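Visitor:
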Amino acid sequence: MTSRETITCKAAVAWEAKAPVSIETIEVAPPGPNEVRVKVVATGVCHTDAYTLSGQDSEGVFPVVLGHEGAGVVESIGENVSHVAPGDHVIMAYIPECGHCKFCKSTKTNLCSTIRATQGKGLMPDGTVRFSCKGKKLFHYMGTSTFAEYTVVADISVVKIRDDAPLDKVCLLACGITTGIGAVRKSCKVEAGSSVAVFGLGGVGLSVIQGAKIAGASTIYAVDVNPGKFDIAKQMGATHFVNPKAHSEPIQKVLVGMTDGGFDYTFECIGRTDTMRAALEACHKGWGESCIIGVAGAGQEISTRPFQLVTGRVWRGSAFGGYKSRSELPTLIDEYLKGEVKIDELITKTYPLDKTNDAFDDMHSGKNIRGVVLY
Ligand code: APR
Ligand code: ZN
Ligand code: ZN
Numbered sequence: 001m002t003s004r005e006t007i008t009c010k011a012a013v014a015w016e017a018k019a020p021v022s023i024e025t026i027e028v029a030p031p032g033p034n035e036v037r038v039k040v041v042a043t044g045v046c047h048t049d050a051y052t053l054s055g056q057d058s059e060g061v062f063p064v065v066l067g068h069e070g071a072g073v074v075e076s077i078g079e080n081v082s083h084v085a086p087g088d089h090v091i092m093a094y095i096p097e098c099g100h101c102k103f104c105k106s107t108k109t110n111l112c113s114t115i116r117a118t119q120g121k122g123l124m125p126d127g128t129v130r131f132s133c134k135g136k137k138l139f140h141y142m143g144t145s146t147f148a149e150y151t152v153v154a155d156i157s158v159v160k161i162r163d164d165a166p167l168d169k170v171c172l173l174a175c176g177i178t179t180g181i182g183a184v185r186k187s188c189k190v191e192a193g194s195s196v197a198v199f200g201l202g203g204v205g206l207s208v209i210q211g212a213k214i215a216g217a218s219t220i221y222a223v224d225v226n227p228g229k230f231d232i233a234k235q236m237g238a239t240h241f242v243n244p245k246a247h248s249e250p251i252q253k254v255l256v257g258m259t260d261g262g263f264d265y266t267f268e269c270i271g272r273t274d275t276m277r278a279a280l281e282a283c284h285k286g287w288g289e290s291c292i293i294g295v296a297g298a299g300q301e302i303s304t305r306p307f308q309l310v311t312g313r314v315w316r317g318s319a320f321g322g323y324k325s326r327s328e329l330p331t332l333i334d335e336y337l338k339g340e341v342k343i344d345e346l347i348t349k350t351y352p353l354d355k356t357n358d359a360f361d362d363m364h365s366g367k368n369i370r371g372v373v374l375y
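Position 164 (the sequence shown) corresponds to 164 in UniProt numbering; numbering is contiguous.
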């Protein structure tokens with residue numbers, strides 16, 4: 001069923017950087033060929049949205065509809081769309097899966113690059129946009145733009161999911177939770193019995209902890225300068241808790257001393273280059289692996305002494321937890337519905353669309369693990 005109708009609906013529009021989003025009535029054009037229009041039901045609010053809104057994102061373009069942790073229901077489809085139909089429940093994925101490119105064909109990566117060039121410029125794959133407001137065109141964001149009641153996305157960005165998965169919860173699998181769990185299981189392939197340290201206990205770090213617990217890690221150190229995060233870290237499976245501020249020595253030295261030489265695996269879930277270095281240097285000589293998940297500011301660089309790597313430590317990174325979106329996310333949803341993966345515990349608060357700025361404020365103040373906007 002194709003639609004030729006433009007939909008008028010509400011959206012949180014970011015007119016410019018360094019300003020709050022503004023709740024507006026926008027027009028959403030029908031989906032073109034290989035595109036899908038989705039009625040968004042719920043969306044998480046993430047640091048990446050805030051990062052772009054802050055003006056630091058070198059790819060940031062304005063005015064734009066932000067948002068990338070969304071789930072919803074297909075409203076209509078364009079020509080040539082075969083894998084979803086109106087009424088299907090879906091998650092919008094900022095890493096699509098075309099199934100044909102060299103990245104999709106590789107078992108080693110999830111970084112499908114088919115629409116990367118246009119997605120990074122805030123455009124649909126044909127180089128145009130589907131949103132307008134007050135006569136002005138609005139850019140898309142991360143191929144998802146979930147801060148609107150309706151959005152249009154490329155068909156390869158749409159993950160069909162089972163109907164009984166609660167959209168107001170599984171929307172969070174579109175970003176941080178999948179990123180954390182996947183870094184452990186898919187990127188690092190943490191073995192049972194391993195020792196693990198997690199730097200940063202936000203939604204991402206807490207999901208690394210739950211991934212490490214599922215993998216059967218024997219010890220899971222939770223490291224954060226905010227000891228208020230230790231309770232929830234314990235709930236997710238952490239066994240030891242370290243506040244770097246409580247120590248005068250560099251945190252890597254403290255951790256190596258506490259663990260007879262360091263960890264089998266460490267994960268940086270903050271986005272700071274100094275903690276990236278600390279995480280690498282907290283790895284055990286000979287085999288320890290450190291995974292960078294946090295996103296550092298544009299232009300920043302990491303450093304360590306090369307001897308750290310010569311003596312057997314490995315430095316790697318992970319995006320979206322290495323999960324291939326369309327083919328692999330549905331299994332994570334199955335695990336959530338079986339009670340094996342936790343999402344509900346990470347949702348601190350929900351908001352209506354017109355309180356999207358409050359969700360940003362609560363995230364910045366550190367109150368929220370995750371805030372979810374419900375439409
Ligand atoms: N040492 C230890 N912990 C720190 C430090 C530090 N120097 N600085 C900040 N933290 C802690 C904060 O107290 C907070 O609990 O790191 C945690 C980060 O959590 P959030 O801000 O909620 O971030 P999250 O959503 O988990 O994302 C983490 O991953 O996707 C990326 O862009 C995202 O870079 C960010 C990272
Ligand atoms: Zn995100
Ligand atoms: Zn691909």
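From the three backbone atoms N, C-alpha and C, an ideal C-beta is built for every residue, glycine too.
As the structure is a prediction and not an experimental result, all values here were calculated from the model.
1. Listed by chain order, which residues have C-beta atoms less than 5 Å from any heavy atom of ligand 2?
2. My parser needs the beta strand (DSSP E) runs of 3 or more residues fully inside the segment 176-247; what are they?
3. Does Asp-224 pass the burial test, meaning 16 or more other C-beta atoms within 10 Å, or should it be called exposed?
4. In whole angstroms, give me the CA-to-CA distance for Phe-263 and Ser-157.
5. Is the distance from the Cβ of Asp-88 to the Cβ of Gly-67 below 8 Å?
6. Which residues have their C-beta within less than 5 Å of a heavy atom of ligand 3, listed in chain order?
7. If you measure from the CB of Asp-224, is any heavy atom of ligand 1 nearer than 7 Å?
8. So does the segment 138-154 actually touch the segment 43-61, counting three or more Cβ pairs closer than 8 Å?
9. Please report the straight-line C-alpha distance between Val-198 and Met-276, rounded to a whole angstrom.
10. Comparing the CB of Lys-136 with every heavy atom of ligand 1, is any distance shorter than 7 Å?
11. DSSP state of Phe-267, grouped into three classes?
12. For a test of the three-state rule: what should DSSP assign to Val-170, helix, strand or coil?
13. Suppose you measure from the CA of Val-372 to the CA of Val-159; what does that come to, to the nearest Å?
14. With a threshold of 8 Å, are at least 3 pairs of Cβ atoms found where one atom belongs to the segment 5-21 and the other to the segment 108-115?
15. Candidates Thr-350, Asp-344, Glu-35: which alpha carbon is nearest Gln-235's?
16. Straight-line CA distance for Phe-360 to Val-40?
17. At what residue ranges does the segment 127-154 contain a whole run of the beta strand (DSSP E), taking only runs of 3 or more?
18. Does the beta carbon of Leu-53 fall short of 7 Å from some heavy atom of ligand 1?
19. DSSP state of His-89, grouped into three classes?
20. Out of Val-129, Gly-202, Asp-163, point me to the one whose CA is closest to Ile-232's CA.
21. In whole angstroms, what separates the C-alpha of Phe-320 from that of Lys-108?
22. For residue 377 and Thr-273, I'd like the C-alpha separation in whole angstroms.
23. Pull the bridge partners of Val-310 from the DSSP assignment, please.
24. Straight-line CA distance for Ile-214 to Glu-289?
25. Alpha carbon to alpha carbon, how far is Ala-19 from Ala-42?
26. If distances are taken between C-alpha atoms only, which option among Gly-294, Val-310, Gly-299 comes closest to Gly-286?
27. How big is the Cα-Cα spacing for Glu-340 and Ile-333?
28. Is Val-170 near ligand 1, with its Cβ less than 7 Å from a heavy atom?
29. Using 8 Å as the threshold, is the C-beta distance between Leu-329 and Tyr-323 below it?
30. Keeping to the same chain, check which residues put their C-beta closer than 6 Å to that of Val-295; ignore five residues upstream and five downstream.
31. Once the 5 residues before and after Pro-125 are set aside, which same chain residues still bring their CB inside 6 Å of it?
Guide: So, from the data block:
1. Working through the chain, the matches are Cys-46, Thr-48, Cys-175.
2. Runs found: 195-199, 219-223, 240-242.
3. Asp-224 should be labelled buried.
4. About 36 Å.
5. Against a cut-off of 8 Å, the Cβ pair of Gly-67 and Asp-88 comes out as no contact.
6. Listed along the chain, these residues meet the criterion: Cys-98, Cys-101, Cys-104, Cys-112, Thr-114.
7. At least one heavy atom of ligand 1 is nearer than 7 Å to the Cβ of Asp-224, so yes.
8. Cβ pair count under 8 Å is three or more, so yes.
9. So the alpha carbons of these two residues sit roughly 11 Å apart.
10. No, the Cβ of Lys-136 stays beyond 7 Å of every heavy atom of ligand 1.
11. DSSP places Phe-267 in strand when its eight states are reduced to three.
12. The answer is helix: DSSP assigns Val-170 an H, G or I state.
13. Approximately 19 Å between the Cα atoms of the pair.
14. Here the segment 5-21 makes no contact with the segment 108-115; the two share fewer than three CB pairs at distances below 8 Å.
15. Checking every option, the nearest Cα to that of Gln-235 belongs to Asp-344.
16. One alpha carbon belongs to Phe-360, the other to Val-40, and they sit about 19 Å apart.
17. Counting whole runs of 3 or more residues, the segment 127-154 contains the beta strand (DSSP E) stretches 131-133, 136-138, 150-154.
18. No.
19. Three-state result, His-89: strand.
20. That would be Gly-202, whose Cα lies nearest to the Cα of Ile-232.
21. Note on geometry: alpha-carbon atoms of Phe-320 and Lys-108 lie some 13 Å from one another.
22. Outside the shown range of the chain (1 to 375) lies residue 377, about which nothing can therefore be said.
23. In the DSSP output, where bridge partners are listed per residue, Val-310 has none listed.
24. When rounded, the distance between both Cα atoms is 18 Å.
25. Put simply, the backbone Cα of Ala-19 is about 23 Å away from that of Ala-42.
26. Gly-286 has its Cα closest to that of Val-310, out of Gly-294, Val-310, Gly-299.
27. Cα to Cα, Glu-340 sits roughly 10 Å from Ile-333.
28. In this structure, ligand 1 has no non-hydrogen atom nearer than 7 Å to the beta-carbon of Val-170.
29. Going by C-beta atoms, Leu-329 is nearer than 8 Å to Tyr-323.
30. Excluding residues within five positions, the ones whose Cβ falls inside 6 Å are Gly-271.
31. The residues are Ile-115, Thr-118, Ala-154.
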